[in-house]
Amino acid sequence: MALNVQVRRSACVVAIALGAGLALSACNPAPVKPRHVEVLPVRTLIAPAQVRALATTFTDQIVEGAYAEQWAELAPQAQAMWPSEAARTAMLTTKFGQARIVAVNVGAASLEATWTAPESPQVQVTNVWSMPVQVSFATPQLLHPVGVATLFSMTRLAIVMEKPGDSAAVLDEGPDSINAPIILPSRIPPVTVDVPILMYHLIDLIPPRSIEPSTWGWRLEVGLTTLPSAFDAQMAHLISIRATSISLQHLSDALLYGLPLPLHPVVITFDDGRLSQWTNAVPVLRRDDFTAVFFPCTGLLGKKVGPQTYMTAVEIRELALTGFSVEDHTVDDDTDFFFANAATLNQLTERTKAVLENLTGDPVQFIAYSGVWPWPLADEGTTREASMFATLAGYGYLGGVLDLRIDSAEDSSSMLWQLPRVRVGIWTTLPEFAHWFAEQPV
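Take any residue in the sequence shown, note its place counting from 1, add 34, and you have its number in the working numbering.
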């Protein structure tokens with residue numbers, strides 16, 4: 035039955051029929067003529083003059099390379115992301131020395147309820163003016179990896195002004211951000227740093243034997259499981275040594291542009307997009323103010339496959355908005371593509387990269403490889419993987435993380451495609467976990 039709605043002013047009749055159901059309120063009103071309803075125009079939100087002026091000044095300074103002048107314009111939360119004013123100026127000068135920006139155009143401002151610092155989930159600021167930017171480079175076709183110039187227009191400028199009359203300050207620096215896309219220098223400096231990259235999968239109780247059809251599959255899942263209590267203890271250890279979690283972009287800032295790293299740096303990564311990461315790990319990370327890199331499989335978002343449930347697209351987007359980063363782990367992590375042809379790699383990687391960028395609004399430059407890495411030769415930089423690296427670079431990736439299963443936490447600027455990770459699982463004791471940080475300078 036069609037929907038029937040009648041409205042009368044004063045003592046009115048409302049009859050609503052949906053299918054076989056009927057709700058009725060009766061009265062005896064006098065008929066009235068339809069009255070004119072004025073439709074008010076939607077009011078465009080305009081940022082305060084101080085915010086707009088600072089946006090213009092700050093982006094002009096980006097074009098001019100006047101990075102030192104920007105320091106006083108940063109909010110305290112933004113300054114805290116950097117080692118120092120001098121370190122920021124030196125890094126940005128190196129980064130954009132060859133990749134010259136010729137214009138930065140600012141789009142319409144929107145008022146965001148909450149802004150979260152890129153690497154600090156606890157650092158949040160309310161009522162922030164956010165503006166998209168359009169970045170133009172002098173020679174975008176010469177920049178690497180392929181397409182990196184377009185990624186800078188996925189960055190945003192965020193400015194806060196607490197109340198009318200206050201001075202405005204920059205929170206998110208757009209192209210100058212510490213988490214902005216990475217550009218490969220024409221000459222990569224020989225740099226090695228000691229930064230453990232931790233690799234997690236399940237943060238949950240030990241899965242029952244019945245979840246997998248084979249004993250091998252079950253043992254694999256058990257080996258990749260970290261008990262919530264163990265994860266909590268591991269994060270507590272990181273707090274005790276005053277460790278600082280960073281993103282892969284931040285790590286690359288150190289390897290390629292010489293940015294000094296914080297005390298006891300660590301990259302925390304999670305593979306597959308398992309729901310247990312959202313329910314059992316993310317609350318701990320937020321409590322302890324640690325960022326992390328999530329590598330979801332785009333073909334598994336929101337699905338339940340066998341015993342495993344995966345995060346939804348909404349949850350992945352929420353991570354990207356609240357102090358975490360999202361990178362690529364192919365479609366479903368069940369295909370060994372180390373010797374795959376370009377067409378297969380395109381299906382497994384480039385398409386998933388686009389899906390994640392559309393979902394989060396953030397650039398994707400790193401991949402967690404699926405399949406069994408050809409270990410132990412992978413750490414020797416042999417030609418076996420060279421063609422795969424070249425293909426992935428052609429899709430716009432900058433580097434990849436892997437599970438070498440060797441005792442190494444060293445990351446090299448010359449081996450961005452082979453960044454080693456520390457496998458953390460059910461067999462990892464706290465002393466074994468702690469030893470990865472024992473050699474780092476205090």
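For every residue, glycine included, the Cβ atom is placed at its ideal position computed from N, Cα and C.
- Query: Between L205, G131 and K129, which lies nearest to P152 when the distance is taken from Cα to Cα?
  - Reply: Checking every option, the nearest Cα to that of P152 belongs to L205.
- Look up S448 in the DSSP assignment and say whether it is helix, strand or coil. Here S448 sits in helix by DSSP.
- Where P242 falls, given that 16 or more other Cβ within 10 Å makes a residue buried: An exposed status is given to P242, since fewer than 16 other beta-carbon atoms sit within 10 Å of its beta-carbon.
- Have a look at the DSSP bridge pairing and note the partners of E146. Looking at the DSSP output, E146 sits in a beta bridge with V162.
- Assigned secondary structure, T302 (DSSP; H/G/I helix, E/B strand, else coil): Rather than Thr, the amino acid found at residue 302 in this sequence is Ile. Correct three-state label for I302: strand.
- Cβ-Cβ distance between V194 and A183 below 8 Å: For V194 and A183, no; Cβs fall outside 8 Å.
- Using DSSP bridges, identify the partner residues of A402. Beta-bridge pairing links A402 to V435.
- So what's E352 in DSSP terms, helix, strand or just coil? In this structure, DSSP gives E352 a helical state, which the three-state scheme calls helix.
- Task: Confirm, please, whether the CB-CB distance from P397 to L185 is below 8 Å.
- Result: Pairing L185 with P397 gives a Cβ-Cβ distance under 8 Å.
- Would you mind stating whether A315 and F265 have Cβ atoms separated by less than 8 Å? In this structure, F265 lies closer than 8 Å to A315 by Cβ.
- Query: Cβ of P219 within 8 Å of Cβ of Q342?
  - Reply: No, the pair does not count as a contact, with Cβ atoms beyond the cut-off.
- Query: Just reading off the alpha helix (DSSP H) that I564 is part of, what are its end residues?
  - Reply: The requested residue 564 does not occur in the structure, where the chain is confined to residues 35 to 476.
- Item | Closest by C-alpha distance to A87, when choosing among W163, T369 and F358 | Looking from the CA of A87, the closest CA among W163, T369 and F358 belongs to W163.
- Taking the Cβ atom as the reference point for each residue, do F467 and Q268 lie within a distance shorter than 8 Å? Between F467 and Q268, the C-beta spacing is below 8 Å.
- Alpha carbon to alpha carbon, what distance is there between D367 and P454? Their backbone Cα atoms lie some 18 Å apart in a straight line.
- Message: Taking 8 Å as the threshold (C-beta atoms), are T148 and Q156 in contact?
- Response: Contact: no.
- Task: State yes or no: is the C-beta of D287 within less than 8 Å of the C-beta of M125?
- Result: Yes, these two residues count as a Cβ contact at 8 Å.
- Could you have a look at T173 and say whether DSSP puts it in helix, strand or coil? For T173, the secondary structure class from DSSP, reduced to helix, strand or coil, is coil.
- Pair every Cβ in the segment 257 to 264 with every Cβ in the segment 372 to 382, then say whether three or more of these pairs are closer than 8 Å. No: the two stretches stay apart, fewer than three of their Cβ pairs being nearer than 8 Å.
- Task: Pull up the CB-CB distance for V180 and G141, whole angstroms please, since I reckon it's below 8 Å.
- Result: In this structure V180 does not touch G141 by the C-beta definition: roughly 25 Å separates them, more than the 8 Å allowed.
- Exposed or buried, G433, counting other C-beta atoms within 10 Å across all chains shown (16 or more means buried)? G433 comes out buried.
- Which two residues bound the contiguous alpha helix (DSSP H) that contains L261? Run containing L261: none; DSSP gives neither H nor E here.
- Closer than 6 Å by C-beta to P65: which residues in its own chain qualify, once you throw out the five before and the five after it? Chain order, please. Note that P65 scores 43 on pLDDT, short of 50, meaning its location in the model is unreliable; the coordinates nonetheless yield the value given after this. None.
- Message: What does the Cβ neighbour count give for E196, buried or exposed, with the cut at 16 atoms within 10 Å?
- Response: Exposed, since its Cβ has fewer than 16 Cβ neighbours within 10 Å.
- On the premise that F400 lies in contact with Y431, defined as a C-beta separation below 8 Å, what is that separation, rounded to the nearest angstrom? Their Cβ separation, rounded to whole angstroms, is 7 Å, which keeps Y431 and F400 in contact under 8 Å.
- Sequence-distant residues of the same chain with beta carbon closer than 6 Å to L232, five excluded per side: Once the five neighbours on either side are set aside, the close Cβ partners of L232 are I302, V456 and V458.
- Message: Excluding the 5 residues flanking M188 on each side, which residues of the same chain have their C-beta closer than 6 Å to its C-beta?
- Response: Hits under 6 Å: P397.
- Query: For A424, which of R351, L450, F130 and A443 has the nearest alpha-carbon?
  - Reply: When R351, L450, F130 and A443 are compared, the shortest CA-CA separation from A424 is found for L450.
- Query: Around the C-beta of N213, are 16 or more other C-beta atoms found within 10 angstroms, so that it is buried, or is it exposed?
  - Reply: Around the beta-carbon of N213, 16 or more other beta-carbon atoms lie within 10 Å, marking it buried.
- Item | As assigned by DSSP and simplified to three states, the class of A151 | Look at A151 here: in three-state DSSP terms it is strand.
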